[in-house]
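Undergrad: In this note's numbering, the protein residues as written are -2 to 292.
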Amino acid sequence: MRQILLLVALDDHRNIHKAASHVGMTQPAATRLLSDLERLLKINLFERNTRGVSPNGYGQSLIRHCRMILTTLDHARDEINAISSGTTGRTAIGTLQVAAPMLVPRGILRFKKSHPNHTLLVRDGTTSTLLPALWRGELDLLVGRASNNLAGEGLKFEALYEEPMSIVAKKDHRLTKRKYIKLSTLAKEEWIVPTPDSIYRKRLDEAFRKSGANPPSVVVESISILTNMLLIKESDMLAVMPSRVAKHYANLDELAILSVKPPTPSGPVGIISVPGRPLTPAATDFIQALRESVN
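(1) Could you check which residue in L249, V242, P275 has the C-alpha nearest to that of A340?
(2) Assuming D250 contacts F108 (C-beta within less than 8 Å), just tell me the rounded distance between them.
(3) Taking the C-alpha atoms as reference points, what is the distance between V165 and I284?
(4) For G83, name the three-state secondary structure that DSSP assigns.
(5) What does the alpha-carbon distance come out to for the pair L93 and R120?
(6) Please report the straight-line C-alpha distance between L118 and R133, rounded to a whole angstrom.
(7) In whole angstroms, what is the alpha-carbon distance linking G83 and N114?
(8) What span of residues does the alpha helix (DSSP H) with N248 cover, start to end?
(9) According to DSSP, simplified to helix, strand and coil, what is R198?
(10) In chain order, which alpha helix (DSSP H) runs of at least 4 residues are fully inside the stretch 155 to 230?
(11) Count the CB pairs spanning the stretch 168 to 184 and the stretch 248 to 266 that are closer than 8 Å, and state whether there are at least three.
(12) Since F283 sits in a beta bridge, which residues does DSSP pair it with?
(13) Can you find the residues in the same chain that come closer than 6 Å, C-beta to C-beta, to A156, ignoring five residues on each side of it along the sequence?
(14) Note the first and the last residue of the continuous beta strand (DSSP E) segment covering V101.
(15) With respect to the beta strand (DSSP E) encompassing R120, which residues constitute its N-terminal and C-terminal limits?
As structure tokens, then:
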């Protein structure tokens, strides 16, 4: 366990003295512990230089597994605490923007009917932040769009449904009276767009270029549905959002869907998990709740 903690600290700090201090040991003891481990494995785990240390390919692989071990122990502690406090465990769910407003909440409501005392931790974000957390074991599963080659990245994907996108504005926006709008004519409008690390942001920018216009330059970058809805209602900004979400708010008379064809998404919405990592019974039941919510 001391070696596991030291390896993770070395990855975080890239300095033996700082890592040793973080885990509560002296620098000579940390150096000796690392040397013993490398001698046992018969490989070097870190590259040494004047600025500190950095993990090589072997080190990165071992550190990833060390983080998963620590996360599993954290989950075990949380589960024991939950059981002692009268609840029955915790499941951590990552959700991307396309699934956050509709699918995941409906899945949660269905799941809680049969698991009233189980704690669900929901963390939203982008693929660049949530996929690493899934790999580290901080999340049990991720719900979102398969925008990348997940099989090539060693991940499992179960498709649930296709989700097109819509371009929206406030309900009394001047553009709502137009029956057909070219995407290129919207380039000079103010926009709320996904963050640059979003696959759909790249697709949107590419669609503007193909239409003969530069991507919008006056933008707010946000993946928060709540923030985006407030901005739409209080300004002339345009935004792009999943069509089911757009139709939901349009039915509530809180926005309007413009008559313009946005670029198609890069894949279906579904469940992303790590093959070979057993899911808890609760996580399996939550996946079933998601399937039933779609149906």
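Ideal Cβ placement from N, Cα and C applies to all residues, glycine included.
TA: In short, the structure shows the following:
(1) This structure cannot speak to residue 340, because the chain is shown only from -2 to 292.
(2) The C-beta separation of D250 from F108 comes to about 30 Å, leaving the pair out of contact by the 8 Å criterion.
(3) Taking the straight line joining both Cα atoms gives about 31 Å.
(4) Residue placement at G83 is flagged as unreliable, the pLDDT there being 49, under the threshold of 50; a coordinate-derived value is accordingly withheld.
(5) 9 Å
(6) Just so you know, the alpha carbons of L118 and R133 end up roughly 16 Å apart.
(7) Reliability fails at G83, whose pLDDT of 49 lies under 50, so the model's placement of it is uncertain and the value that follows must be treated cautiously. In a straight line, the C-alpha of G83 is about 8 Å away from that of N114.
(8) 240 to 248
(9) helix
(10) 196 to 207
(11) yes
(12) Answer is none; F283 lacks a bridge partner.
(13) P265, G267
(14) For V101, there is no enclosing beta strand (DSSP E); the residue is found in the alpha helix (DSSP H) stretching over 100 to 111.
(15) 116 to 121
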